[in-house]
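Participant:
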Amino acid sequence: MAKDKDILPSPTNTGSSRNNTRTHRLLAYSLLVPCFVLGTIVSFRSNNFGFEKLELALSKVTTGCHRNTNNAAGVCSQVDALYPQNSKNAEAWTEFGKLIETNAFKSLAIDKLRGLIKIPSETYDSMPPPGQDPRWETLGQVHDYLAEAFPLIHKTFSLTKVNTYGLLYEWIGTDSSLKPYILAAHQDVVPVNPETVDSWTHPPYSGFFDGANIWGRGASDDKASLTAIMLTLETLLGKGWAPARTVVLAFGFDEEAGGVHGARSLGKALEETYGRDAFAFIVDEGGGFKDVYGTVFATPGVAEKGAFDVKVDVTSPGGHSSVPPAHTTIGYLAALITEYEQNPFPVELVRGSVPHDTLLCYASYGETIPRRLKHAIVKSTHSDKALRKVEELFVLPDPWYSSLVGTTQAIDIVQGGVKANALPESAYAIINHRINTASSIKETSARDAYTITALAHSHNLSLNAFGEDIIAPSAYSPAARGHIELSIAFPREIDPAPRTPTSGEGSEPWEFLSGTIKATYNAHRGISGNNNIIVSPGMSTGNTDTKHYWNLTRHIFRYNHKNSAYGGDIASGVHTVNENIPLDHYLEIIRFFTTLIINADEAVF
Ligand SMILES: *[C@@H]1O[C@H](CO)[C@@H](O)[C@H](O)[C@H]1NC(C)=O
Ligand SMILES: *[C@@H]1O[C@H](CO)[C@@H](O)[C@H](O)[C@H]1NC(C)=O
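Count along the sequence shown starting at 1, add 16, and that's the number in my numbering.
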């Protein structure tokens, strides 16, 4: 996953089961008060409704409230754990569940993953297309390895290689009236910095298993998912299970470099073959689950920020450096950079945004959430003052959450000057933006121009932003002292993703995923119940390959059931040294895909 991490703040421990009914009731009550008919509350209390009844009352009232608040209790309504129902499926699922616990299966699963980790399929920024750069060739080894490790899949599925290294597998189901779905993962990994190889406890491409964890680049991001998907399907094939619903696998090969050669081509090929909106849903890498405020939350990504790189180019006449002007292009550029950094985009929690919905879920179900925060969150569904209070209490103190809700800017590249005694005729900087879901490329670029207009003017610099003259050179007489040009630095800008429906019309796939997560979590711990894990809309700060798949379905889930209790990116080493995954977490991912694939066959959307 590109510069990504779960939505949840610092973990405590995960794995406990608890009953949140009481908390839920209390919150439901407080949430409803603003738009609730008092009589209904009284009747629900005096009739001593059970949980089910309360849910019923809740959903009714939520509908009634809808006009006033986008975000009443319905936002965090929970579904029951979803288990396979028909006997063929239930049996296959139960049997698979038992198999996962055997030592033979565990060592098989370890072997499959370590084999893939051993192939250093690194991708780099700005690589030319496949065929024009030998660094792509490790992907050929990935293909050979997959063919050897998963022979039944390669005998049964159809396989199309898209743009040389994109893998598109299809397992045609028996019922063509059911929309197919896509399981996505990526074959590539971020490069291991050669200077850090010595800091790895086990060599980065060893796939070493130390009895508890599997080590190596890609162990977590994203080879465990890819292997889990393949191993699940290979095992189901081996058991003679066959799907009613067509299963499509899309494995990109340059996700860590924006998916411009891989997922972009795969998305096009899929749209050409299957058509627009042809898929029931897509599951790709993304959010996981962990304990927050004493409750375990899963946060599948249902939205994604936009991204945009802006080049700020300053030019002015050169000359001999013995007769310098007050400012060179580098001096102007420095002033512009300072201006940007002094005017960051505001951090603003938006009612109805995914990060706000996540907080509503914490307030609804977090056992130990501080009372003041909980009250502010509940009130923030209708009070702007309370919304600002939530920012103050929760968002601003957490740099990660602040980044999540706002548009960010980071000046990541600067370049200028060629010789110590020559005035630089040009200098540029590149700003990397991650665009808040409530905003757009258009709004971000307009603000970038606006931020520096006054400064440009004070220096008699002309300014052109994205093809439009903001300050024409003719504004100055006798002449402008130089020129600023804002442009798109790399042709990979992307608006924030459309949001996957999580309530109301079109939310069936979300409910299906939620029930699947709950069943997986229960089965892996041998527990039962519906609220051992709470499923909340989630979002990450980074992008995935799914940014190229918007036309394929409205229902994109960035989720691979990763247990993030373990300590987040640092302990798991994602994008840094010592990447690893605990065996048990990896097995739970396999259980997730097993449950998902079998449940998908019974889902009716
Ligand atoms: C800036 O432009 C103004 C208006 O054209 C002009 O009067 C002034 O002399 C210029 N100053 C410099 C430092 O070039
Ligand atoms: C999605 O469809 C639109 C309209 O047909 C097209 O312009 C766009 O390029 C497609 N997006 C992707 C990512 O293929």
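Just so it is clear, CB atoms sit at the ideal spot from N, CA and C, and this is done for glycine as well.
Quantities reported herein were computed from a predicted structural model and do not represent experimental measurements.
Tell me whether the segment 561-577 and the segment 326-334 touch, counting them as touching only if at least three CB pairs, one residue from each stretch, are closer than 8 Å.
Facilitator: Flag = no, the segment 561-577 and the segment 326-334 do not touch.
Participant: V264: which of D300, Y181, D238 and L479 sits nearest, CA to CA?
Facilitator: What you label residue 264 is simply residue 248 of the sequence shown in a count that begins at 1. Ranking the options by Cα distance to V264, first place goes to D300.
Participant: Which word fits H11, buried or exposed, when buried means at least 16 other C-beta atoms lie within 10 angstroms of its C-beta?
Facilitator: This structure cannot speak to residue 11, because the chain is shown only from 17 to 621.
Participant: Going by other Cβ atoms of all chains shown within 10 Å of its Cβ, with 16 needed for buried, is I500 buried or exposed?
Facilitator: Position 484 of the sequence shown, counted from the start, is the residue given in the question as residue 500. With 16 or more Cβ atoms within 10 Å of its Cβ, I500 is classed as buried.
Participant: Need the endpoints of the beta strand (DSSP E) that P150 sits in, please.
Facilitator: Sequence index remark: in the sequence shown, residue 150 carries index 134 (1-based). Careful: P150 lies outside any beta strand (DSSP E) and carries neither H nor E.
Participant: How far does the beta strand (DSSP E) with L132 in it extend, from its first residue to its last?
Facilitator: On the sequence shown, residue 132 is found 116 positions in, with the first residue counted as 1. Premise fails: L132 lies in the alpha helix (DSSP H), N119 to I133, not in any beta strand (DSSP E).
Participant: Using CA atoms only, rank isn't needed, just tell me which of A472, F482 and A505 is closest to P489.
Facilitator: Residue mapping note: residue 489 aligns to position 473 of the sequence shown, counting from 1. Measuring from the Cα of P489, the nearest candidate turns out to be A472.
Participant: Which partner residues does W187 have in the DSSP bridge list?
Facilitator: If you number the sequence shown from 1, residue 187 lands on position 171. Answer is V263, bridged to W187.
Participant: Cβ-heavy atom distance between S493 and ligand 1 below 7 Å?
Facilitator: Indexing the sequence shown from 1 puts residue 493 at position 477. S493: yes, Cβ under 7 Å from ligand 1.
Participant: Just to check my reading of the structure: G182 and G268 have Cβ atoms closer than 8 Å, yes? What is that Cβ distance to the nearest angstrom?
Facilitator: The residue given as residue 182 occupies position 166 in the sequence shown. The residue given as residue 268 occupies position 252 in the sequence shown. Right, the Cβ-Cβ distance comes to about 6 Å (below 8 Å), so this counts as a contact.
Participant: If you run the structure through DSSP and keep just helix, strand and coil, what is F52?
Facilitator: Along the sequence shown, one-based indexing puts residue 52 at 36. Unreliable placement is indicated for F52, whose pLDDT of 30 sits below 50; the coordinate value is still reported in the next sentence. Here F52 sits in coil by DSSP.
Participant: Report the CB separation of V205 from S137 in whole angstroms; it is logged as a contact under 8 Å.
Facilitator: One-based indexing of the sequence shown puts residue 205 at position 189. One-based indexing of the sequence shown puts residue 137 at position 121. That belief holds up - the Cβ atoms of V205 and S137 are roughly 6 Å apart, short of 8 Å.
Participant: Just to confirm the assignment: which complete beta strand (DSSP E) runs, minimum length 3, are found wholly within the segment 321-384?
Facilitator: Whole beta strand (DSSP E) segments, 3+ residues: 322-331.
Participant: Taking only heavy atoms of ligand 2 into account, decide whether any of them is closer than 7 Å to the Cβ of G334.
Facilitator: Counting from one through the sequence shown, the residue named residue 334 turns up at place 318. Not so, every heavy atom of ligand 2 lies at least 7 Å from the Cβ.
Participant: Distance check for E287 and P413, CA to CA, integer angstroms please.
Facilitator: Position 397 of the sequence shown, counted from the first residue, corresponds to residue 413. Position 271 of the sequence shown, counted from the first residue, corresponds to residue 287. Their backbone Cα atoms lie some 43 Å apart in a straight line.
Participant: Enumerate, from N- to C-terminal direction, the unbroken alpha helix (DSSP H) stretches of 4 or more residues contained entirely within the segment 538-592.
Facilitator: With a minimum length of 4 residues, the continuous alpha helix (DSSP H) runs that stay inside the segment 538-592 are 584-588.
Participant: Work out the CA separation of E604 and G558 for me, nearest whole Å.
Facilitator: By 1-based counting over the sequence shown, the position of residue 558 is 542. By 1-based counting over the sequence shown, the position of residue 604 is 588. Whole-angstrom Cα-Cα distance: 24 Å.
Participant: In whole angstroms, give me the CA-to-CA distance for G589 and P553.
Facilitator: Here residue 589 refers to the residue found at position 573 when the sequence shown is read from its first residue. Here residue 553 refers to the residue found at position 537 when the sequence shown is read from its first residue. Answer to the nearest angstrom: the Cα atoms are 25 Å apart.
Participant: To the nearest angstrom, how far is it from the Cα of C51 to the Cα of S396?
Facilitator: By 1-based counting over the sequence shown, the position of residue 51 is 35. By 1-based counting over the sequence shown, the position of residue 396 is 380. Per-residue confidence for C51 stands at a pLDDT of 28, beneath the threshold of 50, marking its modelled position as unreliable; the derived number appears in the next sentence. Taking the straight line from one Cα to the other gives about 13 Å.
Participant: With distances taken between CB atoms, is the gap from A296 to P525 smaller than 8 Å?
Facilitator: Numbered from its first residue, the sequence shown carries residue 296 at position 280. Numbered from its first residue, the sequence shown carries residue 525 at position 509. A contact, by the Cβ cut-off of 8 Å.
Participant: Classify S493: buried if its beta carbon has 16 or more other beta carbons within 10 angstroms, exposed otherwise.
Facilitator: As a first step, residue 493 is located in the sequence shown; it is residue number 477 there, counting from the start. The residue is exposed, with fewer than 16 neighbouring Cβ atoms inside 10 Å.
Participant: Helix, strand or coil for E301? Go by DSSP, reduced to three states.
Facilitator: Start at 1 with the first residue of the sequence shown, and residue 301 comes out as number 285. Of the three classes helix, strand and coil, the one that applies to E301 here is strand, per DSSP.
Participant: Could you check which residue in F609, S103, F305 and A454 has the C-alpha nearest to that of Q532?
Facilitator: Here residue 532 refers to the residue found at position 516 when the sequence shown is read from its first residue. Before going further, note that residue 532 is Thr rather than Gln in the sequence given. Among F609, S103, F305 and A454, the Cα nearest to that of T532 belongs to F609.
Participant: Give me whichever residues DSSP pairs with G268 in a beta bridge.
Facilitator: Here residue 268 refers to the residue found at position 252 of the sequence shown. Bridge partners of G268: H202.
Participant: Let's test the definition: count the other Cβ atoms within 10 Å of the Cβ of T289 and tell me whether it reaches 16, buried, or not, exposed.
Facilitator: Translated into the one-based positions of the sequence shown, residue 289 becomes position 273. Classification for T289: exposed.
Participant: Using a threshold of 7 Å, is the CB atom of W566 nearer than that to any non-hydrogen atom of ligand 4?
Facilitator: This structure does not include ligand 4; its bound ligands are ligand 1 and ligand 2.
Participant: Got a sec? Which residues, its chain only, sit under 7 Å from W566 by beta carbon, not counting five neighbours each side?
Facilitator: For the purposes of this step, residue 566 is identified with residue 550 of the sequence shown, where counting begins at 1. The residues are A513 and P514.
Participant: Please specify which runs of the beta strand (DSSP E), each continuous and at least 3 residues long, are wholly inside the segment 426-490, giving them in chain order.
Facilitator: Here the runs fully enclosed are 442-451, 477-481 and 484-487.
Participant: Does the Cβ of E595 lie closer than 7 Å to at least one heavy atom of ligand 2?
Facilitator: Residue 595 sits at position 579 when you count from the first residue of the sequence shown. Incorrect: E595 has no Cβ contact closer than 7 Å to ligand 2.
Participant: From M246 to E186, what distance separates their C-alpha atoms?
Facilitator: Locating residue 246 in the sequence shown gives position 230, counting from the first residue. Locating residue 186 in the sequence shown gives position 170, counting from the first residue. Those two C-alpha atoms are separated by around 12 Å.
Participant: What's the gap between the Cα of V370 and the Cα of V318?
Facilitator: Against the sequence shown, residue 370 aligns to sequence position 354. Against the sequence shown, residue 318 aligns to sequence position 302. Cα to Cα, V370 sits roughly 8 Å from V318.
Participant: Would you decide whether L483 is buried or exposed? Buried here means 16 or more other CB atoms lie within 10 Å of its CB.
Facilitator: Taking the first residue of the sequence shown as position 1, residue 483 is located at position 467. This sequence places Gly at residue 483; Leu is not what is there. Exposed, because fewer than 16 other Cβ atoms sit within 10 Å of the Cβ of G483.
Participant: What's the call for S442, buried or exposed, on a 16-neighbour Cβ count within 10 Å?
Facilitator: Position 426 of the sequence shown, counting from 1, holds the residue named residue 442. By the 10 Å Cβ count, S442 comes out buried.
Participant: At a threshold of 7 Å, does E320 count as lining ligand 2 (C-beta to nearest heavy atom)?
Facilitator: Numbered from 1 along the sequence shown, position 304 holds the residue referred to as residue 320. Outside the cutoff, so no.
Participant: For K435, which option in R233, K195, R574 and I346 has the closest C-alpha, if you only look at C-alpha atoms?
Facilitator: Indexing the sequence shown from 1 puts residue 435 at position 419. The residue with the shortest Cα to Cα distance from K435 is I346.
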